[in-house]
């Protein structure tokens, strides 16, 4: 699919990576990992041809189609969600336009026997054939299915994209990539704006994707569930193994242990040989042997142990003072944004030392309630009251955006400090991996993960005994997330977490509130308990639907049979269309490059089987259509 050879990229004289090489083939689902600033996003931009390398080469397969999910998206105003999603089908939309043009001309003309009229008929036939071949009759249903999988309701389809938040617009962009017939998907933090249910849907989609996928993600569970290969960028090198993230870590440690053992044995051998050399040098009769041994030592390839960048931030949350038993009490709270009702008649009591997770689809009010609790928003009705001696530390979902890009890292911290902790600012920054000249960097040049670390460092400068954190793990690398989780586990105060990160939430909270249909529902357990309960509920819903269907069958069995027949015919037609498309593409490839096409493993067996399957499906279709 593509071949990367001796690729090097540097910034300000320092290499992000140097002379790295690897290949991508169909079926690869690569987790691209590494610390913030290691060069992951840069590598994606190189693969997508958006930026240039210092040296090396990238060889692409002919006609390779690449889809790249960027973090910065810009939609044309005025389009609905469906209209924007349909931009994925540029050729289909172009053919539709041509169909309309030809049909308009045909309806206006009466010279039915003329050559030009017949030419129009032929043009329309060719356009229709191409339209059918590339899925013109199926793309609308496919689009709706993808959008619903990513959390959109049918009611959302006709709404303008500029009425949605950045997270939802990111989902539309992701939907466009999934709808295109790309051979390679490059996904930069695809789960950052997705709720848990949508992440699970995306996992299932990517596992069945036939092309190659390269994913930059700090969601360990997502990587384990989706990827079959890990490329780790560390200290300018890459480590490439055909294992998902967690299995890669185990294998990497085993390899390092073997390297250390082999290095020790080699060093013993070298030391023993050097002693012999010194011994032989003392005797003239053994001088030639000493020379021979010296040459052998010079030729030895010294075993090196792979080096890791193990620097991690140091984080510890200390409570300021002990609050009263009740931290916050919410009574009959509702919140509207214009005509859009987000929360309705919500009641919630949070007690001291509670560890709570807010979960649910985006737009259901999680962040809204968090902002009301900390006083950033006022409810439309009802009350939210803080308890005695409550001091809240708040980490907003877009916390990094509140940082002033024109300030340096050091100035940002000094401006947030008070008289008692201003002298400790540099120590705090050092704990968050901002050392030496790093503190003089302007905020605008920091990566997303570095900005989040700075926002966390700022948080430590204020007193609190209650922590309200809205998506604190976005853009943090896996090691930093682990440090943050350990600090929150040890935190002796009250914790309210808005998060979609299942791995991060595991064993961190003891209560889950699901936000749905303008209200909240309590689950007395951690995120695993919540997900298990959701599955049980889903099965119950399925059972209810199956009972309803069986009752309807008893009442009107003939209609049921007719619907089943239509469904079978429709499924066969879809399979026929797919096989005809694949065979047509193969025929074109044979014409363009016969030798390369037939060189693939078992080409003729696969090709003939597709033709045989198509013939069989055509016979089934004919039989069912006549029944």
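Residue numbers (our numbering): -16 to 610. All C-beta atoms in this analysis are idealised placements derived from N, C-alpha and C, irrespective of residue type, glycine included. For clarity, every value in this text was computed on a predicted model and none was experimentally measured.
Where residue i and residue j are concerned, what is the direct C-alpha to C-alpha distance, given to the nearest angstrom?
i           : j           : result
residue 554 : residue 336 : 55 Å
residue 175 : residue 448 : 28 Å
residue 343 : residue 179 : 7 Å
residue 161 : residue 53  : 14 Å
residue 145 : residue 159 : 16 Å
residue 654 : residue 366 : Only positions -16 to 610 of the chain appear in this structure, which leaves residue 654 out of reach.
residue 87  : residue 120 : 20 Å
residue 375 : residue 478 : 10 Å
residue 340 : residue 113 : 51 Å
residue 592 : residue 586 : 10 Å
residue 43  : residue 169 : 14 Å
residue 99  : residue 6   : 51 Å
residue 496 : residue 208 : 25 Å
residue 445 : residue 299 : 13 Å
residue 385 : residue 395 : 11 Å
residue 9   : residue 165 : 11 Å
residue 596 : residue 111 : 24 Å
residue 64  : residue 241 : 54 Å
residue 494 : residue 212 : 35 Å
residue -6  : residue 426 : 17 Å
residue 552 : residue 590 : 24 Å
residue 163 : residue 105 : 28 Å
residue 412 : residue 218 : 22 Å
residue 500 : residue 135 : 14 Å
residue 266 : residue 244 : 34 Å
residue 566 : residue 598 : 12 Å
residue 603 : residue 124 : 24 Å
residue -14 : residue 364 : 60 Å
residue 257 : residue 188 : 60 Å
residue 216 : residue 33  : 20 Å
residue 417 : residue 82  : 60 Å
residue 560 : residue 75  : 15 Å
residue 467 : residue 30  : 32 Å
residue 306 : residue 171 : 41 Å
residue 578 : residue 572 : 10 Å
Leaving aside the five residues before and after residue i along the sequence, list all residues of the same chain whose C-beta is less than 6 Å from its C-beta, in chain order.
i           : result
residue 40  : -12
residue 393 : 422
residue 486 : 203 and 204
residue 452 : 378 and 480
residue 214 : 13, 15, 221 and 223
residue 331 : 313
residue 139 : 64
residue 132 : 184
residue 513 : 495 and 506
residue 488 : 340, 482 and 510
Using the beta-carbon count (16 or more within 10 Å), is residue i buried or exposed?
i           : result
residue 438 : buried
residue 225 : exposed
residue 16  : buried
residue 137 : exposed
residue 285 : exposed
residue 570 : exposed
residue 581 : exposed
residue 434 : buried
residue 403 : exposed
residue 193 : exposed
residue 463 : buried
residue 458 : buried
residue 3   : buried
residue 588 : exposed
residue 95  : exposed
residue 594 : exposed
residue 182 : buried
With 8 Å as the threshold, decide whether the Cβ of residue i is near any Cβ in chain C.
i          : result
residue 35 : In the displayed structure, chain C is absent; only one protein chain is listed.
Check the C-beta distance from residue i over to residue j and give it rounded, since I have them as a contact under 8 Å.
i           : j           : result
residue 456 : residue 475 : Actually they are not in contact, since the Cβ atoms of residue 456 and residue 475 sit about 21 Å apart, beyond 8 Å.
residue 201 : residue 575 : Rounded, the Cβ-Cβ distance is 41 Å, inconsistent with contact.
residue 629 : residue 334 : Absent from the model: residue 629. The displayed extent of the chain is -16 to 610, so no value can be given.
residue -10 : residue 197 : Contact doesn't hold; Cβ gap of about 14 Å is too wide.
residue 348 : residue 498 : 5 Å
Return the chain-ordered list of same chain residues with a C-beta closer than 7 Å to the C-beta of residue i, the five sequence neighbours on each side being excluded.
i           : result
residue 92  : 100
residue 157 : 52, 133 and 173
Between residue i and the rest of its own chain, which residues show a CB-CB distance below 8 Å, the 5 nearest in sequence each way excluded?
i           : result
residue 190 : 12, 208 and 209
Exercise. In the region 320 to 377, which residue ranges form an unbroken alpha helix (DSSP H) of at least 4 residues, counting only runs that do not cross its ends?
Worked result: Here the runs fully enclosed are 349 to 357.
Problem set entry | Length-filtered (4 minimum) alpha helix (DSSP H) runs lying within the region 129 to 199 | With a minimum length of 4 residues, the continuous alpha helix (DSSP H) runs that stay inside the region 129 to 199 are 149 to 162 and 179 to 190.
For this session: Quick one: which unbroken alpha helix (DSSP H) runs of 4-plus residues sit fully inside the region 555 to 589? Chain order, please.
Result: Entirely contained in the region 555 to 589, the alpha helix (DSSP H) runs reaching 4 residues are, in chain order, 577 to 581.
For this session: Give, in chain order, every unbroken run of the alpha helix (DSSP H) that is at least 4 residues long and sits entirely within the region 467 to 502.
Result: DSSP assignment within the region 467 to 502 yields the following whole alpha helix (DSSP H) runs of 4 residues or more, N-terminal first: 485 to 488.
For this session: For the region 385 to 453, list the beta strand (DSSP E) runs that are entirely contained and at least 3 residues long, ordered along the chain.
Result: As far as the region 385 to 453 is concerned, its whole beta strand (DSSP E) runs of at least 3 residues are 449 to 453.
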